Amino acid sequence: VFRYLDSSFWQPWFALTAGFDMDGYIEAPKGIVAIEWLMPLLALLYELFAIVVVLNLLIAAMGATFAELDEKAKVEWQYERVQLIREYKDQKMFPAPLNVLHLLWR
Numbered sequence: 690v691f692r693y694l695d696s697s698f699w700q701p702w703f704a705l706t707a708g709f710d711m712d713g714y715i716e717a718p719k720g721i722v723a724i725e726w727l728m729p730l731l732a733l734l735y736e737l738f739a740i741v742v743v744l745n746l747l748i749a750a751m752g753a754t755f756a757e758l759d760e761k762a763k764v765e766w767q768y769e770r771v772q773l774i775r776e777y778k779d780q781k782m783f784p785a786p787l788n789v790l791h792l793l794w795r
């Protein structure tokens, strides 16, 4: 079953994960059927587990960063709202069709 692990299809997978030498897992236990399929299977399961753990760490880091930026965004939004209110506080505003004339006159 695992004799095709040395094909070029699987090489990028092993290069991205831990870079295990799968030739050693395939060639060494010749004749022992249980080890012949168990060692590559355990290696693949280990690599999948490692990828899941690293992906979980990445998601947690991105979540913490998003929470921090979300809090800063709320403060920034409040600051910009106050600036907008201060800008238009003392100006006289006209109804919608006439405000264009007011903007052109200003």
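In my numbering, the protein residues as written are 690 to 795. All C-beta atoms in this analysis are idealised placements derived from N, C-alpha and C, irrespective of residue type, glycine included. From a predicted model like this one, the values you see are computed outputs, not experimental measurements.
Going by DSSP, M751 is part of the alpha helix (DSSP H) stretching over V722 to Y777. Counting along the chain, L787 sits inside no alpha helix (DSSP H), nor does DSSP assign it H or E at all. Within the model, the alpha-carbon separation for E736 versus I774 is close to 56 Å.
A straight line joining the alpha-carbon of Y768 with that of Y777 spans about 15 Å.
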